[in-house]
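The numbering of the sequence shown is my numbering, which starts it at -14 and goes up by one.
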Amino acid sequence: MAEEQSAFARRVKRASQMLFFQRHRRPYAKGWELRRVLGKDYMKAIKLLDAELERIGLRVKIVFDQPEAEANPGEDQLERARFFVTLREPLTLSEANLAGWRVDDVAILAATLAFILSKEGKAARKEVVKLLREKFPDWRVETNLDRYVRRGYLGEDEAGMMFIDWRTRAEIDQKTLLSLILAETPQQESAE
């Protein structure tokens, strides 16, 4: 029994190593990779790792290629899914700054996501750029959009249509983002 627990503890440790360290510029592991390294019951190791990470404010997020697979994923969807370690709670602005995010970079990403979400999940890059250029310098808009595509926050197809990609689904609570953007701020009464 103790030997079995020790072997399982090694699997949890190996799972954490696979999820914490980047390979080929990817901050995630695919389900099939985890199954190959950890064995058939890799999901049990992932659930134990998630319970351990909860103590320090992190979680293992599973991002599926098709978002509708989240409700009841099959073995095939789990093998193609991305397993990713992320924060349980949103970052504060000062924490985001410490993590290397500039305020205007966060603003560009938030505005882009809100625009794409308002267009039912897809928007032409030209429209996104036109919107962002009203508030941000041209060079910053293009640089940031390209960076967000590379990092997986946004996707872009051959027709130039931008859409929300896997990393946004993993790290950003889209409903909360929209509610914060659409929140009505109280009007200040003018003093007469």
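For every residue, glycine included, the Cβ atom is placed at its ideal position computed from N, Cα and C.
For residue j and residue i, the rounded distance between their alpha carbons
i: V22; j: K(-2); result: 12 Å
i: L94; j: A(-8); result: 43 Å
i: E105; j: E(-12); result: 52 Å
i: T161; j: S79; result: 19 Å
i: E177; j: N57; result: Its pLDDT being 44, under 50, E177 is placed unreliably by the model, and nothing is read from it.
i: T128; j: E143; result: 19 Å
i: W17; j: R65; result: 7 Å
i: Y133; j: D50; result: 18 Å
i: Q2; j: W86; result: 25 Å
i: R6; j: K29; result: Rather than Arg, the amino acid found at residue 6 in this sequence is Phe. Each residue's Cα considered, the two are about 20 Å apart.
i: G140; j: G42; result: 28 Å
i: K115; j: A92; result: 15 Å
i: R40; j: E74; result: 12 Å
i: Q(-10); j: A36; result: 16 Å
i: A168; j: I157; result: 17 Å
Spatial neighbours of residue i in its chain, beta-carbon cut-off 7 Å, leaving aside the 5 residues before and after
i: K46; result: F69, T71 and A155
i: P12; result: F69
i: A84; result: L76
i: R152; result: R136, G137 and Y138
i: D90; result: N129
i: A81; result: V91
Cβ distance (whole Å) where residue i is taken to contact residue j below 8 Å
i: R67; j: K15; result: 6 Å
i: Y27; j: L19; result: 5 Å
i: Q159; j: L117; result: With 8 Å as the limit, Q159 and L117 do not qualify as a contact, their Cβ atoms being about 19 Å apart.
i: L163; j: A99; result: 7 Å
Proximal residues to residue i (C-beta, below 8 Å), its chain only, five neighbours per side dropped
i: L4; result: Y13, A14, L34, V45, F68, F69 and V70
Where residue i falls, given that 16 or more other Cβ within 10 Å makes a residue buried
i: V48; result: buried
i: L130; result: buried
i: A0; result: buried
i: R(-4); result: buried
i: I31; result: buried
6 Å CB neighbourhood of residue i in its chain, flanking five on each side removed
i: I242; result: In this structure the chain extends from -14 to 177, so residue 242 is not present and cannot be described.
- Below 8 Å, can you find three or more Cβ-Cβ pairs linking the region 104 to 124 to the region 141 to 150? yes
- Three CB pairs or more closer than 8 Å across the region 115 to 131 and the region 58 to 67: no
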